[in-house]
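These notes concern the structure reproduced below.
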DNA sequence: TTCTGGCACTCTATTCACTAGAGTGACAAA
DNA sequence: TTTGTCACTCTAGTGAATAGAGTGCCAGAA
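Protein chains in written order, with the numbering used here: chain A, 221 to 564; chain B, 221 to 564.
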């Protein structure tokens, strides 16, 4: 639909209505707007305007004698054309900075902390997804003998990520063979992305030497080594914030959402998909979400870079969320993450 | 209090009452017991018995004309003397077995999956804590050069656990120095527990050679390396199960609990504490819990062994929980974990 | 002495009617 | 075009009435 022909007044009223509703969570009446905002027009005029907005599908009434609440389309219009950039306050910046200050401790720890700080500052759900390892370039692969029959495979990536996979091997494999295998793997695989490795592992290691039993463990492209390594890590925090929201007073709704959050892989691909084309902040409102369970929620998400790969972070909450603030939060956090993880 | 003098009948009635209440979540009346269980006594007799049980503090009435519900003391007595061992059904065994089948993928992945399967099978919260690393014996320490200025420290423990810590070092440190340092660290530290290392790191590395700048990073006993490595990993799953429970219909209660769950370190030490003296299954009922926020919950927990160290797993839910089933679940899961992780 | 049936009593949860209040839509006047 | 006004609608809350569950106790049976 085209909403370009909205009058100044209609825009103002919609904007006030949404701001007010975001704070109060109650349907907003014409009187409330007339009193709280000095628009210089009477409640009757606002009433008429609201009627127009309703006809355009930007607001709706829960019942005849109630105030109005924004529809998904209303939020969409608000976000697209009425939202003005908001500077993040210093306290919030500081909180994020101190969380994402250095890579010490590893990438996963930072992401875990970041999801927590996002939840804290937004009062919503904070979500972070680890960088996509498929695009990540392997810088070293190391085999460490742990105990009889157990070998630790360490994959170190340029982006600073690391994954360890425990391998159960034939007890007979010794020190020297491991070192030899390690040398071989590095020679053949270092410098490639994990995706490339998975796609061509058979060809690349085909004619090589080394212990054949050990080799076989690495050869299967569906092997645990390559699969587990590529698995995305998801961090979700702030469940307690969401419980408080009046839109989740209904336990069934809350349950639906929680169920969705526990379906990790689905959630990961959902968020990733939003950023397949292009980067920047993406706001997905209510019914725009692909997954039924979160169609009463909005998602504010962004990608960050870690070397030559990217990850996703975001905030999830009811459609009635303070978009301006959340956008600046997510944007700032993504930028800081990129800075630290890309060592820029 | 001493409850040994309970008559056979009183025990039976209490047992029936609790079983019934666990299933229904509603106060249980004398008629309900008389009808559902063939005890061969009338509801009036049961009424009298229940009055006695109430005087002893084992059951209570929410209000004058309601049925009875068990008190914490009631559950305690039930669990201590009336609970009979229950065999876990084959389907549940299978579900656990297939989760905890091999160490492939690493210990943390298993623990994550285990918390999930515990939640699933119990319809409560499933909790797992990684093995205590302080007691774990370091089998190898490896330094891997990632990119300029970044070194990955890999700690491999006998128990099959591994931790990686990213170190930011002076860019000038090279290949050879790393290898030398690596050799040094293994020589001095391998075979010691992480706790020992932390306690005596200064003495052990004092007069050693190697690059002094690099060395300094390892010397501080409060260094990120030793601290992060020792940090316990906590996995909590099944929030959605808890939401459904009628005892959490009150949002504030639910919120309190969620808050507690997000205070990870507190939760970890709470659970660990229960198992400080002795192992086996420990059931902690309602007010027996140290943390106020979970005093309307019970915890069924057990320790598992991983090499020469131990970790904790458990189930958390409202005091009205099917203790018999949960005990067998936790017991079985702990045993299987120990089997796989101790390679026994 | 112990158990049981019966009965009066208590308390809760539900229903229904009623009311106050918020908000609208529409109209006539400014 | 805007505004004040008023009749109308719908909800949320209140209070009374009621049904139902469950108890405590007593008198009689076993």
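Where is the CB? At the ideal position from N, CA and C, for every residue including glycine.
Out of the options, which has the shortest C-alpha to C-alpha gap to residue i?
i: residue 293 of chain A; options: A/283, A/307, A/276, A/306; result: A/276
i: residue 239 of chain B; options: B/281, B/473, B/295; result: B/295
i: residue 383 of chain B; options: B/328, B/391, B/407, B/415; result: B/328
i: residue 308 of chain B; options: B/548, B/391, B/318, B/320; result: B/548
i: residue 298 of chain A; options: A/362, A/226, A/560; result: A/226
i: residue 380 of chain B; options: B/550, B/528, B/229; result: B/528
i: residue 539 of chain B; options: B/285, B/492, B/468; result: B/468
i: residue 526 of chain A; options: A/560, A/520, A/508, A/281; result: A/560
i: residue 507 of chain A; options: A/236, A/474, A/291, A/401; result: A/291
i: residue 281 of chain B; options: B/255, B/490, B/237, B/228; result: B/237
i: residue 386 of chain A; options: A/493, A/443, A/259, A/466; result: A/443
i: residue 273 of chain B; options: B/229, B/374, B/304; result: B/229
i: residue 391 of chain B; options: B/366, B/400, B/412, B/502; result: B/366
i: residue 259 of chain B; options: B/233, B/283, B/278; result: B/233
i: residue 437 of chain B; options: B/405, B/315, B/494, B/286; result: B/405
i: residue 446 of chain A; options: A/562, A/324, A/419; result: A/419
i: residue 324 of chain B; options: A/389, A/350, A/349; result: A/389
i: residue 411 of chain B; options: B/401, B/378, B/466; result: B/378
i: residue 568 of chain A; options: A/439, A/492, A/458, A/231; result: Look at the range of chain A in this structure, 221 to 564, and you will see that residue 568 of chain A is not part of it.
i: residue 431 of chain A; options: A/473, A/261, A/399, A/493; result: A/399
For a test of the three-state rule: what should DSSP assign to residue i, helix, strand or coil?
i: residue 327 of chain B; result: helix
i: residue 346 of chain B; result: strand
i: residue 451 of chain B; result: coil
i: residue 372 of chain B; result: strand
i: residue 392 of chain A; result: coil
i: residue 526 of chain B; result: strand
i: residue 280 of chain B; result: strand
i: residue 438 of chain A; result: helix
i: residue 288 of chain B; result: strand
i: residue 383 of chain A; result: strand
i: residue 539 of chain A; result: coil
i: residue 360 of chain B; result: strand
i: residue 468 of chain A; result: helix
i: residue 261 of chain A; result: coil
i: residue 576 of chain B; result: An answer regarding residue 576 of chain B cannot be provided, because it is not within the stretch 221 to 564 covered by chain B.
i: residue 306 of chain B; result: coil
i: residue 505 of chain A; result: strand
i: residue 533 of chain B; result: strand
i: residue 516 of chain B; result: coil
i: residue 482 of chain B; result: helix
i: residue 423 of chain B; result: helix
How close, in whole Å, do the beta carbons of residue i and residue j come, if the pair is a contact with beta carbons under 8 Å?
i: residue 360 of chain B; j: residue 364 of chain A; result: 5 Å
i: residue 358 of chain B; j: residue 417 of chain B; result: 7 Å
i: residue 518 of chain B; j: residue 505 of chain B; result: 5 Å
i: residue 500 of chain A; j: residue 522 of chain A; result: 7 Å
i: residue 331 of chain A; j: residue 455 of chain A; result: 5 Å
i: residue 319 of chain B; j: residue 301 of chain B; result: Their Cβ separation, rounded to whole angstroms, is 33 Å, which puts residue 319 of chain B and residue 301 of chain B out of contact at 8 Å.
i: residue 520 of chain B; j: residue 550 of chain B; result: 5 Å
i: residue 409 of chain A; j: residue 424 of chain A; result: 7 Å
i: residue 288 of chain B; j: residue 463 of chain A; result: Actually they do not touch by this definition, with Cβ atoms about 31 Å apart.
Tell me whether residue i, by its Cβ, gets closer than 6 Å to a heavy atom of the ligand MN.
i: residue 521 of chain A; result: This structure simply doesn't include the ligand MN, nor any ligand for that matter.
| said: I'd like to know if the stretch 242–252 of chain B and the stretch 260–272 of chain B are in contact, where contact means that at least 3 CB-CB pairs between them fall below 8 Å. | reply: yes
| query | For the 8 Å Cβ check, are there 3 or more pairs between the stretch 444–462 of chain B and the stretch 349–360 of chain B? | reply | yes
| query | Is the stretch 325–342 of chain A touching the stretch 395–403 of chain A in the sense that three or more CB pairs, one from each, lie closer than 8 Å? | reply | no
| Is the stretch 370–390 of chain B touching the stretch 541–553 of chain B, taking contact as three or more C-beta pairs under 8 Å? | no
| query | Just checking, does the stretch 234–245 of chain B make contact with the stretch 341–349 of chain A on the three C-beta pairs under 8 Å criterion? | reply | no
| request: Tell me, please, whether the stretch 509–525 of chain A touches the stretch 479–487 of chain A by the rule of three or more beta-carbon pairs shorter than 8 Å. | output: yes
| said: Closer than 8 Å is the cut-off here; do at least three beta carbon pairs connect the stretch 549–560 of chain B with the stretch 520–537 of chain B? | reply: yes
| Any residues in the stretch 476–490 of chain A with a beta carbon nearer than 7 Å to a beta carbon of chain B? Which ones, in chain order? | 478, 479, 482
| task | Could you please tell me which residues of the stretch 316–328 of chain B, in chain order, have their CB closer than 8 Å to any CB of chain A? | result | 322, 323, 324, 325, 326, 327
| query | Any residues in the stretch 430–456 of chain A with a beta carbon nearer than 7 Å to a beta carbon of chain B? Which ones, in chain order? | reply | 444, 448
| field | Residues in the stretch 354–368 of chain A having any Cβ partner in chain B nearer than 9 Å | value | 359, 360, 362, 364, 365, 366, 367, 368
| Residues of the stretch 385–416 of chain A whose Cβ lies closer than 9 Å to any Cβ of chain B, in chain order | 385, 386, 387, 388
| Of the residues that make up the stretch 336–348 of chain B, which ones have a beta carbon closer than 7 Å to any beta carbon in chain A? | none
| Relative to chain A, which residues along the stretch 372–383 of chain B have a C-beta separation below 7 Å, given in chain order? | 372, 374, 376, 378, 380, 382
| At a Cβ cut of 8 Å, what residues of the stretch 523–553 of chain A count as close to chain B, listed as they run along the chain? | none
| task | With 8 Å as the limit, tell me which residues of the stretch 459–478 of chain A have their beta carbon closer than that to any beta carbon of chain B; keep them in chain order. | result | 459, 460, 463, 464, 469, 471, 474, 475, 478
| query | When Cβ atoms are compared, which residues of the stretch 237–261 of chain A fall closer than 7 Å to chain B? | reply | none
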